[in-house]
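> Please see the structure below; I have some questions.
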Amino acid sequence: MNYQALYRKYRPRVFDDVKGQDVIVRTLRNQVKDNRVAHAYLFCGSRGTGKTTCAKIMAQAINCRNPSDGNPCCECESCRSIQEGRNINVIEMDAASRNGVDDFRRIIDEIAYPPGDGMKKVYIIDEVHMLTAAAFNAFLKTLEEPPDYAVFILATTDPQKLLPTVLSRCQRFDFRRIPSGVIEARLKEVFAAEGIAAEDAAVHSIARRAEGGMRDALSIADRCTSFFPGEKLTSERILEVLGTADTSVWRSMLHHAVDGNASGMIRQFDDMLMDGKDVRQIISDFTWYLRDLLIFKASGGSSETDQLLEEDREILLQDAGALDEQQIMYYIEVLSELSMSLRNAANRRVLAEIALINLCRPESKRDLPDSMEARVARIEAQLESGVLLRAEIRNAAGTGNQNGPA
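Note that this note's numbering has the sequence shown beginning at 5, numbered continuously upward.
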(Lines of atoms letter the chains of each structure in order from A; the text may use other names.)
(Lines give C-alpha, C1' and ligand atoms only; values in the text may rest on other atoms or scores of the structure.)
Protein backbone atom coordinates (compact mmCIF):
# COMPACT_ATOMS: atom_id res chain seq x y z
CA MET A 5 0.00 0.00 0.00
CA ASN A 6 1.29 3.45 -0.95
CA TYR A 7 2.25 5.80 1.86
CA GLN A 8 -0.23 8.58 2.57
CA ALA A 9 0.82 11.87 4.10
CA LEU A 10 -0.38 12.42 7.65
CA TYR A 11 -2.46 15.48 6.81
CA ARG A 12 -4.31 13.47 4.16
CA LYS A 13 -4.63 10.32 6.24
CA TYR A 14 -6.07 12.20 9.22
CA ARG A 15 -8.14 14.73 7.32
CA PRO A 16 -11.54 15.18 9.04
CA ARG A 17 -14.38 13.30 7.40
CA VAL A 18 -17.26 14.74 9.45
CA PHE A 19 -17.89 18.11 11.06
CA ASP A 20 -17.27 16.74 14.55
CA ASP A 21 -13.64 15.94 13.59
CA VAL A 22 -12.81 19.53 12.61
CA LYS A 23 -10.65 21.16 15.30
CA GLY A 24 -10.55 24.79 16.35
CA GLN A 25 -13.54 26.02 14.31
CA ASP A 26 -16.41 25.24 16.69
CA VAL A 27 -18.70 28.14 15.77
CA ILE A 28 -18.44 27.53 12.03
CA VAL A 29 -18.86 23.77 12.39
CA ARG A 30 -21.95 24.15 14.55
CA THR A 31 -23.53 26.63 12.14
CA LEU A 32 -22.94 24.47 9.05
CA ARG A 33 -24.13 21.32 10.78
CA ASN A 34 -27.34 23.02 11.91
CA GLN A 35 -27.99 24.31 8.41
CA VAL A 36 -27.72 20.81 7.00
CA LYS A 37 -29.83 19.33 9.80
CA ASP A 38 -32.58 21.96 9.42
CA ASN A 39 -32.44 21.87 5.60
CA ARG A 40 -31.52 25.57 5.46
CA VAL A 41 -28.50 25.32 3.18
CA ALA A 42 -27.61 28.60 1.46
CA HIS A 43 -26.92 28.86 -2.25
CA ALA A 44 -23.43 30.39 -1.82
CA TYR A 45 -20.76 30.31 0.89
CA LEU A 46 -17.45 32.11 1.27
CA PHE A 47 -14.83 30.42 3.46
CA CYS A 48 -12.00 32.81 4.39
CA GLY A 49 -8.88 32.24 6.44
CA SER A 50 -5.19 31.49 6.42
CA ARG A 51 -3.76 28.27 5.03
CA GLY A 52 -4.37 24.96 6.75
CA THR A 53 -7.29 26.08 8.93
CA GLY A 54 -9.93 23.79 7.41
CA LYS A 55 -11.60 25.75 4.59
CA THR A 56 -11.40 23.12 1.86
CA THR A 57 -11.97 20.32 4.35
CA CYS A 58 -15.22 21.89 5.58
CA ALA A 59 -16.27 22.52 1.98
CA LYS A 60 -15.89 18.81 1.15
CA ILE A 61 -17.69 17.74 4.33
CA MET A 62 -20.48 20.18 3.48
CA ALA A 63 -20.76 18.70 -0.02
CA GLN A 64 -21.01 15.21 1.48
CA ALA A 65 -23.56 16.22 4.11
CA ILE A 66 -25.80 17.94 1.57
CA ASN A 67 -25.89 14.84 -0.64
CA CYS A 68 -25.72 12.14 2.05
CA ARG A 69 -28.48 9.51 2.03
CA ASN A 70 -28.27 8.88 5.78
CA PRO A 71 -27.07 12.05 7.54
CA SER A 72 -26.69 12.00 11.31
CA ASP A 73 -27.13 15.27 13.24
CA GLY A 74 -25.93 17.25 10.22
CA ASN A 75 -22.88 15.03 9.66
CA PRO A 76 -22.44 12.81 6.59
CA CYS A 77 -22.60 9.06 7.23
CA CYS A 78 -19.42 8.43 5.16
CA GLU A 79 -20.79 5.00 4.21
CA CYS A 80 -23.44 5.52 1.53
CA GLU A 81 -22.51 5.48 -2.13
CA SER A 82 -22.79 9.27 -2.40
CA CYS A 83 -20.36 9.86 0.49
CA ARG A 84 -17.87 7.30 -0.78
CA SER A 85 -17.93 8.65 -4.32
CA ILE A 86 -17.33 12.21 -3.08
CA GLN A 87 -14.44 11.06 -0.88
CA GLU A 88 -12.89 9.23 -3.82
CA GLY A 89 -13.37 12.20 -6.16
CA ARG A 90 -15.61 10.41 -8.66
CA ASN A 91 -18.96 12.05 -7.94
CA ILE A 92 -19.99 14.08 -10.97
CA ASN A 93 -22.25 16.30 -8.88
CA VAL A 94 -19.38 17.71 -6.78
CA ILE A 95 -17.03 19.78 -8.89
CA GLU A 96 -13.77 21.08 -7.45
CA MET A 97 -12.00 23.87 -9.25
CA ASP A 98 -8.68 25.59 -8.58
CA ALA A 99 -9.12 29.23 -9.50
CA ALA A 100 -5.36 29.76 -9.39
CA SER A 101 -4.97 27.76 -12.60
CA ARG A 102 -8.46 27.97 -14.11
CA ASN A 103 -9.30 31.62 -13.68
CA GLY A 104 -10.41 32.73 -17.13
CA VAL A 105 -13.82 33.79 -18.37
CA ASP A 106 -14.07 30.67 -20.57
CA ASP A 107 -13.76 28.41 -17.54
CA PHE A 108 -16.75 30.07 -15.91
CA ARG A 109 -18.80 30.17 -19.06
CA ARG A 110 -18.37 26.41 -19.07
CA ILE A 111 -19.73 26.25 -15.52
CA ILE A 112 -22.69 28.43 -16.51
CA ASP A 113 -23.46 26.05 -19.38
CA GLU A 114 -23.10 22.92 -17.21
CA ILE A 115 -25.20 24.21 -14.32
CA ALA A 116 -28.27 24.31 -16.54
CA TYR A 117 -28.43 20.50 -16.37
CA PRO A 118 -29.81 19.24 -13.03
CA PRO A 119 -28.40 16.15 -11.30
CA GLY A 120 -30.35 13.06 -12.31
CA ASP A 121 -30.66 11.45 -8.89
CA GLY A 122 -32.22 14.31 -6.95
CA MET A 123 -28.91 15.35 -5.39
CA LYS A 124 -27.43 18.82 -5.36
CA LYS A 125 -24.64 20.09 -7.53
CA VAL A 126 -21.88 21.52 -5.38
CA TYR A 127 -19.14 23.70 -6.87
CA ILE A 128 -16.07 24.11 -4.66
CA ILE A 129 -13.88 26.91 -6.01
CA ASP A 130 -10.55 27.23 -4.21
CA GLU A 131 -8.38 30.39 -4.22
CA VAL A 132 -11.30 32.30 -5.70
CA HIS A 133 -9.47 35.63 -5.31
CA MET A 134 -7.28 34.60 -8.26
CA LEU A 135 -10.15 34.94 -10.75
CA THR A 136 -9.85 37.60 -13.42
CA ALA A 137 -12.25 40.55 -13.47
CA ALA A 138 -13.90 39.19 -16.61
CA ALA A 139 -14.44 35.79 -14.95
CA PHE A 140 -16.02 37.47 -11.90
CA ASN A 141 -18.38 39.48 -14.09
CA ALA A 142 -19.42 36.40 -16.04
CA PHE A 143 -20.03 34.54 -12.79
CA LEU A 144 -21.99 37.18 -10.84
CA LYS A 145 -25.48 36.52 -12.18
CA THR A 146 -25.19 32.78 -11.68
CA LEU A 147 -23.80 33.27 -8.18
CA GLU A 148 -26.72 35.53 -7.25
CA GLU A 149 -29.51 33.35 -8.65
CA PRO A 150 -28.32 29.78 -9.18
CA PRO A 151 -30.79 26.92 -9.72
CA ASP A 152 -32.33 25.40 -6.59
CA TYR A 153 -30.14 22.32 -6.95
CA ALA A 154 -26.83 24.25 -7.06
CA VAL A 155 -24.58 25.30 -4.17
CA PHE A 156 -21.36 27.30 -4.52
CA ILE A 157 -18.63 27.14 -1.88
CA LEU A 158 -15.84 29.66 -2.47
CA ALA A 159 -12.59 29.45 -0.50
CA THR A 160 -9.91 32.11 -0.28
CA THR A 161 -6.94 33.19 1.81
CA ASP A 162 -7.30 36.80 0.65
CA PRO A 163 -10.93 38.04 0.79
CA GLN A 164 -9.80 41.67 0.41
CA LYS A 165 -9.23 41.01 -3.28
CA LEU A 166 -12.85 39.96 -3.88
CA LEU A 167 -15.36 42.34 -5.38
CA PRO A 168 -18.01 43.70 -3.00
CA THR A 169 -20.63 42.30 -5.37
CA VAL A 170 -19.24 38.80 -4.74
CA LEU A 171 -19.04 39.26 -0.96
CA SER A 172 -22.65 40.46 -0.78
CA ARG A 173 -23.92 37.32 -2.53
CA CYS A 174 -22.35 34.83 -0.12
CA GLN A 175 -22.66 33.71 3.48
CA ARG A 176 -19.20 34.48 4.84
CA PHE A 177 -17.36 32.33 7.38
CA ASP A 178 -13.97 33.44 8.70
CA PHE A 179 -11.77 30.54 9.75
CA ARG A 180 -9.50 31.60 12.59
CA ARG A 181 -6.03 30.33 13.26
CA ILE A 182 -6.14 27.21 15.40
CA PRO A 183 -4.75 27.68 18.95
CA SER A 184 -1.45 25.95 19.68
CA GLY A 185 -3.04 23.93 22.48
CA VAL A 186 -5.62 22.46 20.09
CA ILE A 187 -2.90 21.58 17.58
CA GLU A 188 -0.80 19.93 20.30
CA ALA A 189 -3.74 17.79 21.41
CA ARG A 190 -4.39 16.68 17.82
CA LEU A 191 -0.72 15.89 17.23
CA LYS A 192 -0.66 13.68 20.33
CA GLU A 193 -3.71 11.79 19.02
CA VAL A 194 -2.04 11.25 15.65
CA PHE A 195 1.28 10.20 17.21
CA ALA A 196 -0.52 7.72 19.47
CA ALA A 197 -2.36 6.23 16.48
CA GLU A 198 0.86 6.01 14.45
CA GLY A 199 2.98 4.67 17.32
CA ILE A 200 5.31 7.70 17.25
CA ALA A 201 7.11 8.60 20.47
CA ALA A 202 7.55 12.32 21.07
CA GLU A 203 8.43 14.59 23.97
CA ASP A 204 5.95 17.26 25.01
CA ALA A 205 8.55 19.90 24.14
CA ALA A 206 8.81 18.46 20.61
CA VAL A 207 5.04 18.55 20.13
CA HIS A 208 5.02 22.10 21.44
CA SER A 209 7.74 23.15 18.97
CA ILE A 210 5.79 21.72 16.03
CA ALA A 211 2.55 23.40 17.11
CA ARG A 212 4.26 26.77 17.52
CA ARG A 213 5.94 26.58 14.11
CA ALA A 214 2.62 25.70 12.43
CA GLU A 215 1.34 29.22 13.25
CA GLY A 216 -2.28 28.17 13.57
CA GLY A 217 -2.43 25.74 10.63
CA MET A 218 -3.30 22.13 11.39
CA ARG A 219 -2.17 20.97 7.97
CA ASP A 220 1.21 22.66 8.43
CA ALA A 221 1.61 20.97 11.81
CA LEU A 222 0.96 17.51 10.37
CA SER A 223 3.28 18.22 7.43
CA ILE A 224 6.08 19.24 9.81
CA ALA A 225 5.44 16.08 11.85
CA ASP A 226 5.71 14.05 8.64
CA ARG A 227 9.10 15.60 7.83
CA CYS A 228 10.41 14.97 11.31
CA THR A 229 9.34 11.31 11.42
CA SER A 230 10.90 10.76 8.00
CA PHE A 231 14.18 12.30 9.15
CA PHE A 232 14.22 10.25 12.37
CA PRO A 233 12.30 7.06 11.49
CA GLY A 234 11.51 4.89 14.49
CA GLU A 235 13.22 7.31 16.90
CA LYS A 236 11.73 9.43 19.63
CA LEU A 237 11.12 13.01 18.60
CA THR A 238 12.84 15.52 20.86
CA SER A 239 12.85 19.29 20.82
CA GLU A 240 16.44 19.33 19.55
CA ARG A 241 15.59 17.04 16.64
CA ILE A 242 12.57 19.13 15.69
CA LEU A 243 14.72 22.27 15.64
CA GLU A 244 17.30 20.49 13.50
CA VAL A 245 14.73 19.52 10.90
CA LEU A 246 13.15 22.99 10.90
CA GLY A 247 16.52 24.68 10.50
CA THR A 248 16.15 26.90 13.53
CA ALA A 249 17.89 27.29 16.88
CA ASP A 250 17.18 26.69 20.54
CA THR A 251 15.85 29.40 22.85
CA SER A 252 19.29 29.71 24.43
CA VAL A 253 20.66 31.07 21.16
CA TRP A 254 18.08 33.88 21.02
CA ARG A 255 18.78 34.69 24.67
CA SER A 256 22.47 34.91 23.88
CA MET A 257 21.85 37.24 20.94
CA LEU A 258 19.63 39.40 23.10
CA HIS A 259 22.33 39.63 25.76
CA HIS A 260 24.86 40.62 23.10
CA ALA A 261 22.52 43.44 22.04
CA VAL A 262 21.99 44.64 25.61
CA ASP A 263 25.73 44.51 26.39
CA GLY A 264 26.65 46.26 23.12
CA ASN A 265 28.77 43.27 22.12
CA ALA A 266 28.67 43.60 18.33
CA SER A 267 31.54 41.15 17.73
CA GLY A 268 29.79 38.45 19.79
CA MET A 269 26.51 39.07 17.96
CA ILE A 270 28.12 38.78 14.50
CA ARG A 271 30.10 35.71 15.54
CA GLN A 272 26.94 33.93 16.71
CA PHE A 273 25.07 34.95 13.56
CA ASP A 274 27.95 33.62 11.44
CA ASP A 275 27.92 30.30 13.32
CA MET A 276 24.23 29.81 12.48
CA LEU A 277 24.86 30.59 8.82
CA MET A 278 27.68 28.05 8.77
CA ASP A 279 25.22 25.49 10.18
CA GLY A 280 23.08 26.01 7.09
CA LYS A 281 20.35 28.17 8.61
CA ASP A 282 18.57 30.71 6.41
CA VAL A 283 19.06 34.42 7.08
CA ARG A 284 15.35 35.21 6.96
CA GLN A 285 14.52 32.31 9.26
CA ILE A 286 17.10 33.47 11.80
CA ILE A 287 15.69 36.99 11.84
CA SER A 288 12.11 35.72 11.98
CA ASP A 289 12.78 33.40 14.92
CA PHE A 290 14.72 36.08 16.80
CA THR A 291 11.83 38.51 16.25
CA TRP A 292 9.33 35.96 17.57
CA TYR A 293 11.45 35.45 20.69
CA LEU A 294 11.46 39.20 21.32
CA ARG A 295 7.73 39.30 20.66
CA ASP A 296 7.13 36.60 23.28
CA LEU A 297 9.31 38.54 25.67
CA LEU A 298 7.36 41.77 25.06
CA ILE A 299 3.97 40.09 25.48
CA PHE A 300 5.19 38.33 28.62
CA LYS A 301 6.39 41.59 30.14
CA ALA A 302 3.35 43.63 29.09
CA SER A 303 0.82 41.05 30.31
CA GLY A 304 2.61 40.16 33.50
CA GLY A 305 3.15 36.57 32.42
CA SER A 306 -0.47 35.88 31.45
CA SER A 307 -2.34 36.02 28.11
CA GLU A 308 -0.84 33.92 25.31
CA THR A 309 2.17 33.07 27.43
CA ASP A 310 -0.02 30.60 29.33
CA GLN A 311 0.68 28.17 26.47
CA LEU A 312 4.46 28.35 26.93
CA LEU A 313 6.39 25.52 28.49
CA GLU A 314 7.39 26.12 32.09
CA GLU A 315 11.10 26.26 31.23
CA ASP A 316 10.40 28.92 28.56
CA ARG A 317 8.39 30.95 31.06
CA GLU A 318 11.32 30.90 33.47
CA ILE A 319 13.65 32.15 30.73
CA LEU A 320 11.29 34.95 29.75
CA LEU A 321 10.84 35.91 33.39
CA GLN A 322 14.59 36.38 33.77
CA ASP A 323 15.03 38.39 30.58
CA ALA A 324 11.89 40.50 31.13
CA GLY A 325 13.28 41.77 34.42
CA ALA A 326 16.45 43.09 32.78
CA LEU A 327 14.79 45.07 29.95
CA ASP A 328 12.14 47.75 29.60
CA GLU A 329 9.34 47.59 27.03
CA GLN A 330 10.69 50.49 24.96
CA GLN A 331 14.00 48.71 24.47
CA ILE A 332 12.32 45.48 23.37
CA MET A 333 10.06 47.37 20.97
CA TYR A 334 13.08 49.12 19.48
CA TYR A 335 14.72 45.75 18.80
CA ILE A 336 11.52 44.43 17.18
CA GLU A 337 11.20 47.54 14.99
CA VAL A 338 14.77 47.18 13.71
CA LEU A 339 14.28 43.48 12.91
CA SER A 340 10.87 44.09 11.31
CA GLU A 341 12.37 46.72 8.99
CA LEU A 342 15.14 44.26 8.19
CA SER A 343 12.64 41.49 7.34
CA MET A 344 10.95 43.76 4.81
CA SER A 345 14.28 44.73 3.27
CA LEU A 346 15.43 41.11 2.96
CA ARG A 347 12.63 40.19 0.55
CA ASN A 348 14.32 41.77 -2.47
CA ALA A 349 17.87 42.15 -1.20
CA ALA A 350 20.76 40.99 -3.37
CA ASN A 351 22.98 40.32 -0.36
CA ARG A 352 20.84 39.42 2.64
CA ARG A 353 23.74 38.62 4.90
CA VAL A 354 25.18 42.13 4.70
CA LEU A 355 21.86 43.77 5.51
CA ALA A 356 21.32 41.41 8.44
CA GLU A 357 24.76 42.11 9.87
CA ILE A 358 24.20 45.88 9.68
CA ALA A 359 20.87 45.54 11.50
CA LEU A 360 22.35 43.31 14.19
CA ILE A 361 25.15 45.80 14.78
CA ASN A 362 22.51 48.54 15.09
CA LEU A 363 20.90 46.48 17.86
CA CYS A 364 24.20 46.55 19.73
CA ARG A 365 24.72 50.26 19.10
CA PRO A 366 21.25 51.84 19.28
CA GLU A 367 22.64 55.35 19.76
CA SER A 368 23.70 55.38 16.09
CA LYS A 369 20.07 55.19 15.07
CA ARG A 370 18.40 56.96 17.94
CA ASP A 371 20.53 60.09 17.60
CA LEU A 372 18.94 60.93 14.27
CA PRO A 373 15.39 61.69 15.52
CA ASP A 374 16.85 63.61 18.47
CA SER A 375 19.01 65.77 16.20
CA MET A 376 16.04 66.43 13.90
CA GLU A 377 13.94 67.56 16.84
CA ALA A 378 16.74 69.87 17.95
CA ARG A 379 17.02 71.39 14.47
CA VAL A 380 13.26 71.98 14.25
CA ALA A 381 13.26 73.60 17.68
CA ARG A 382 16.18 75.85 16.67
CA ILE A 383 14.43 76.96 13.46
CA GLU A 384 11.22 77.73 15.38
CA ALA A 385 13.17 79.83 17.86
CA GLN A 386 14.85 81.74 15.01
CA LEU A 387 11.47 82.39 13.38
CA GLU A 388 10.09 83.80 16.64
CA SER A 389 13.09 86.10 17.08
CA GLY A 390 13.04 87.24 13.46
CA VAL A 391 16.54 86.02 12.68
CA LEU A 392 15.45 84.04 9.62
CA LEU A 393 13.26 86.88 8.38
CA ARG A 394 16.18 89.36 8.48
CA ALA A 395 18.38 86.83 6.67
CA GLU A 396 15.77 86.46 3.93
CA ILE A 397 15.60 90.28 3.52
CA ARG A 398 19.38 90.48 3.16
CA ASN A 399 19.38 87.66 0.60
CA ALA A 400 16.62 89.37 -1.37
CA ALA A 401 18.51 92.66 -1.33
CA GLY A 402 21.66 90.94 -2.51
CA THR A 403 19.80 89.28 -5.35
CA GLY A 404 18.25 92.58 -6.37
CA ASN A 405 21.69 94.24 -6.58
CA GLN A 406 22.99 91.47 -8.77
CA ASN A 407 20.08 91.83 -11.17
CA GLY A 408 20.27 95.65 -11.29
CA PRO A 409 21.93 97.72 -14.06
CA ALA A 410 25.66 97.53 -14.33
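No residue lacks a Cβ here, since even glycine has one placed at the ideal position from N, Cα and C.
Use the C-beta contact count for A324: other C-beta atoms within 10 angstroms, 16 or more gives buried, fewer gives exposed.
buried
> Helix, strand or coil: how does DSSP classify S101 here?
If DSSP states are grouped into helix, strand and coil, S101 belongs with coil.
> Please classify Y153: does DSSP put it in a helix, a strand, or coil?
coil
> For the beta strand (DSSP E) that K125 lies in, which residues bound it at each end?
Taken as a continuous stretch (DSSP letters only), the beta strand (DSSP E) holding K125 covers K125 to D130.
> For Y14, which three-state DSSP category applies?
coil
> Under DSSP, the beta strand (DSSP E) around Y45 begins and ends at which residues?
A44 to G49
> Given a cut-off of 8 Å on the beta-carbon distance, is the pair A225 and L10 in contact?
The Cβ atoms of A225 and L10 sit closer than 8 Å to each other.
> Could you tell me which of E188, P163, A266 and K37 sits nearest to N70, measuring between CA atoms?
K37
> Mind checking who D178 pairs with in its DSSP beta bridge?
According to DSSP, residue pairing for D178 in a beta bridge involves C48.
> From what residue to what residue does the alpha helix (DSSP H) around M134 run?
Per DSSP, M134 belongs to no alpha helix (DSSP H) and is neither H nor E.
> In the stretch 310-344, which residue ranges form an unbroken alpha helix (DSSP H) of at least 4 residues, counting only runs that do not cross its ends?
314-326
> Looking at the unbroken alpha helix (DSSP H) that takes in S416, where does it start and where does it end?
Since the first residue of the chain shown is 5 and the last is 410, residue 416 is not available in this structure.
> Going by DSSP, what residue range makes up the alpha helix (DSSP H) through L163?
Per the sequence presented here, residue 163 reads as Pro, with Leu not at that position. Per DSSP, P163 lies in no alpha helix (DSSP H) and is assigned neither H nor E.
> Could you tell me whether the stretch 224-244 touches the stretch 334-351, where touching means 3 or more Cβ pairs closer than 8 Å?
no
> Going along the chain, which residues of its own chain have a beta-carbon closer than 7 Å to the beta-carbon of I319, five neighbours each way excluded?
T251 and R255
> Can you look up G24 in the DSSP assignment and give me helix, strand or coil?
coil
> DSSP state of I95, grouped into three classes?
Under the three-state reduction of DSSP output, I95 falls in the strand class.
> Who are S72's beta bridge partners in DSSP?
N75
> Check the DSSP bridge columns for L32 and list the partner residues they point to.
Answer is none; L32 lacks a bridge partner.
> State buried or exposed for Y7, treating a residue as buried only when at least 16 other CB atoms are found within 10 Å of its CB.
exposed
> Just to confirm before moving on: does the CB-CB distance between F143 and L167 stay below 8 Å?
no
> If you measure between the beta carbons of V1 and N75, is that distance less than 8 Å?
Beyond the ends of the chain as shown, which are 5 and 410, falls residue 1; an answer cannot be given.
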